Amino acid sequence: MSRFVVSFLPMFCLLIAACEAQTNKNRGLSLKWELLENQFEAPAHHKARFLIENQTGLPIEPGWKLYFNSIFFDLNAQIENPDVELKHLAGDFFVLTGKGKDAGIARGESLSITYRSRNPHLKNHHAPEAPIFSLANGTLVSNMQFEISEMSVWDMRKQAGDSKLPI
48 MSRFVVSFLP MFCLLIAACE AQTNKNRGLS LKWELLENQF EAPAHHKARF LIENQTGLPI
108 EPGWKLYFNS IFFDLNAQIE NPDVELKHLA GDFFVLTGKG KDAGIARGES LSITYRSRNP
168 HLKNHHAPEA PIFSLANGTL VSNMQFEISE MSVWDMRKQA GDSKLPI
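Residue numbers (this note's numbering): 48 to 214.
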């Protein structure tokens, strides 16, 4: 019986360690992009947001940067958050920078960054891809989950109605 306990104990410890590693894996930065509105008729526009959830256990100070790629992203999109700046770097590469005092993200909190584009979100538009998040000191955040929530082509078709737009 004691031999069984001695051989079972290391496996039990390994199992507990694996569970702890899985729990720690879920701590990090969660980034979500959501399409909130998509208006095909005049005034045509779409509204979307980035939602950054800080699950790292440490506060994120203002000065952070979120780099991303997006094809056909409106170069003149209006950011509704006064403490966040959008800058076009080159081609389809952009950066959002948290500049104001309210751009910090306390641990366990989230920051919603909403923007409005002058164009509807069509099928040839792409949701942001390949996000890179850097802290104010330049350190890259490696533990980040990224999720996209956009309309299906069928939902766009239904919303477009009789419009001649290439949804």
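All residues carry an ideal CB built from backbone N, CA and C; glycine is no exception.
Quick caveat: nothing in here was measured; it's all calculated off a predicted structure.
- Taking all protein chains shown into account, decide if R154 is buried (16 or more other Cβ within 10 angstroms of its Cβ) or exposed. Numbered from its first residue, the sequence shown carries residue 154 at position 107. R154 should be labelled exposed.
- Query: So, is T144 buried or exposed, given that buried needs 16 or more other C-beta atoms within 10 angstroms?
  - Reply: Along the sequence shown, one-based indexing puts residue 144 at 97. With at least 16 other beta carbons inside 10 angstroms of its own, T144 counts as buried.
- Alpha-carbon to alpha-carbon, Q125 and L105: Here the question's residue 105 lines up with position 58 in the sequence shown. Here the question's residue 125 lines up with position 78 in the sequence shown. Linking L105 to Q125 through their CA atoms gives a straight-line distance of about 30 Å.
- Message: For a test of the three-state rule: what should DSSP assign to K148, helix, strand or coil?
- Response: Start at 1 with the first residue of the sequence shown, and residue 148 comes out as number 101. Three-state result, K148: helix.
- 7 Å CB neighbourhood of L136 in its chain, flanking five on each side removed: Numbered from 1 along the sequence shown, position 89 holds the residue referred to as residue 136. Taking C-beta separations shorter than 7 Å and ignoring five residues to either side along the sequence, the partners of L136 in its chain run V142, following chain order.
- Quick one: grab the DSSP three-state call for W80. Here residue 80 corresponds to residue number 33 of the sequence shown, with the count starting at 1. The answer is strand: DSSP assigns W80 an E or B state.
- Message: Can you list, in chain order, the residues of its chain with a C-beta nearer than 6 Å to that of K134? Leave out the 5 residues immediately preceding and following it.
- Response: The count along the sequence shown starts at 1 and reaches residue 134 at position 87. Excluding sequence neighbours, K134 sits near V142.
- So, helix, strand or coil for S196, using DSSP? Residue 196 sits at position 149 when you count from the first residue of the sequence shown. Strand.
- Under 7 Å between C-beta atoms of E108 and S77: Within the sequence shown, the letter at position 61 stands for residue 108. Within the sequence shown, the letter at position 30 stands for residue 77. No, the pair does not count as a contact, with Cβ atoms beyond the cut-off.
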